[in-house]
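Taking it in order: structure first as structure tokens, then the write-up.
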Amino acid sequence: MGFKEQIDKSRLPEHIAIIMDGNGRWAKNQGKFRSFGHESGVLSVKDIVEGCADIGVKYLTIYAFSTENWNRPIEEVNALMELLIATINNETDTLNKNNVRLNAIGDIASLPQKCIDDLKSAMEETSKNTSCTLTLALSYSARWEIVEAAKKLARQALDQKINIDEITEKVFSSQLTTVDMPDPELMIRTSGEHRISNYLLWQMAYTEFYFTETLWPDFRKEDLFEAIVDYQKRERRFGKISEQLN
Ligand code: IPE
Ligand code: IPE
Ligand code: MG
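With the numbering used here, letter number 185 in the sequence shown gets 922, and the count goes up by one each step, no holes.
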């Protein structure tokens with residue numbers, strides 16, 4: 738039996754977050770340029786989006802470019818931005834065909850203007866789709882996001898639009914970029930690295946982590962389904978003891 742058949746559809750994670758990692762190493766292993774790894778990684782994104790839409794995962798959030806990635810060699814940054822623009826433009830039709838809505842989080846204003854424009858139109862063109870929301874984290878880092886949220890609340894307090902004692906976890910969450918999404922139940926990181934790299938720190942307080950040695954360009958639907966099967970074997974206690982869960 739394949740992993741897909743082993744998935745309990747009644748207990749699907751509603752939101753899966755992914756750190757796609759290992760593109761550079763994958764290319765280097767074959768004596769190719771890193772950019773070839775990024776290009777190949779797009780095929781994995783396509784396959785995983787299709788997999789999520791197929792089984793009914795409502796939110797998929799993919800770490801595509803971190804705040805810290807701006808510190809990579811300029812040629813690689815440029816290649817990534819060009820790939821992003823090409824991918825957005827090439828894939829909008831497929832997103833519509835699969836009923837997937839495109840969304841983006843991060844410091845979008847810091848991206849090249851063409852990227853911002855194309856991203857905006859792709860988001861508009863897919864805005865009515867309802868099967869799955871694909872969020873790209875672009876120029877994103879969780880610390881940046883948390884500081885931005887703190888600044889927004891501080892401004893509201895200064896303007897006397899909010900009382901400081903009214904600031905709860907829920908109010909704080911509402912200032913984050915993920916405002917309309919549930920927290921991810923499952924986070925997958927490829928390439929054997931066991932760290933979060935400044936991703937969704939607030940939202941992943943109780944997320945189940947799944948790490949695989951597979952490099953991102955080799956990651957396919959079946960690997961996603963395997964991760965979900967693994968996730969479904971876990972007991973999520975949220976601080977309670979086993980006996981308290983029904
Ligand atoms: C992930 O692959 C893609 C991005 C961070 C944009 P990497 O480029 O980090 O590949 P490795 O980790 O160097 O192999
Ligand atoms: C994390 O991958 C960021 C993205 C996948 C976009 P990195 O490859 O940049 O992370 P580190 O530097 O190894 O932690
Ligand atoms: Mg990496």
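The C-beta atom is built at its ideal place from N, Cα and C for all residues, glycine as well.
Annotation: the continuous beta strand (DSSP E) that includes A801 extends over 796 to 803.
In the displayed model, H775 falls within a helix according to three-state DSSP. At least 8 Å separates the beta-carbon of T915 from that of F956.
By the CB criterion at 8 Å, W953 and D791 fall outside the cutoff. By the Cβ criterion, the segment 961 to 975 is in contact with the segment 738 to 754, since at least three pairs of Cβ atoms, one from each stretch, lie closer than 8 Å. Taking 8 Å as the cut-off, the Cβ atoms of L832 and T863 count as close. Proximity to ligand 1 was defined by a C-beta distance below 5 Å to any of its heavy atoms, and the residues meeting it, in sequence along the chain, are D758, G759, N760, G761, R762. The Cβ atoms of N935 and E812 lie no closer than 8 Å to each other. Assigned with DSSP and collapsed to three states, A816 falls in helix. Around the beta carbon of Y796, a 10 Å sphere encloses 16 or more other beta carbons of the protein chains shown; the residue is thus reported as buried. Bounds of the beta strand (DSSP E) holding A874 are 869 to 877. In the same chain as T951, and ignoring 5 residues on each side of it, the C-beta atoms closer than 8 Å to its own belong to G759, T927, S928, D960, in chain order. Scanning its chain for C-beta atoms nearer than 6 Å, with the 5 sequence neighbours on each side dropped, one finds around S777 the residues P954, in chain order. Check the Cα spacing between T870 and each of C852, V837, I842, N900: the tightest is with V837. Judged by DSSP in its simplified three-state form, A754 adopts strand. A764 counts as buried, since no fewer than 16 other beta carbons sit within 10 angstroms of its beta carbon. Around the CB of R771, 16 or more other CB atoms lie within 10 Å, so the residue is classed as buried.
Spanning the alpha carbons of F802 and K851 requires a straight line of approximately 16 Å.
For the 8 Å CB-CB criterion, N835 and S868 form a contact.
Inter-residue distance for T944 and R880 is about 18 Å (C-alpha atoms, whole angstroms). In this structure, the straight-line span from the alpha carbon of I822 to that of G843 is close to 16 Å.
For F909, the secondary structure class from DSSP, reduced to helix, strand or coil, is helix.
For L961, the enclosing alpha helix (DSSP H) stretches over residues 958 to 969. Look at F975 here: in three-state DSSP terms it is coil, with no helix or strand label.
Taking non-hydrogen atoms of ligand 2 into account, the C-beta of Y796 is found less than 7 Å away from none of them.
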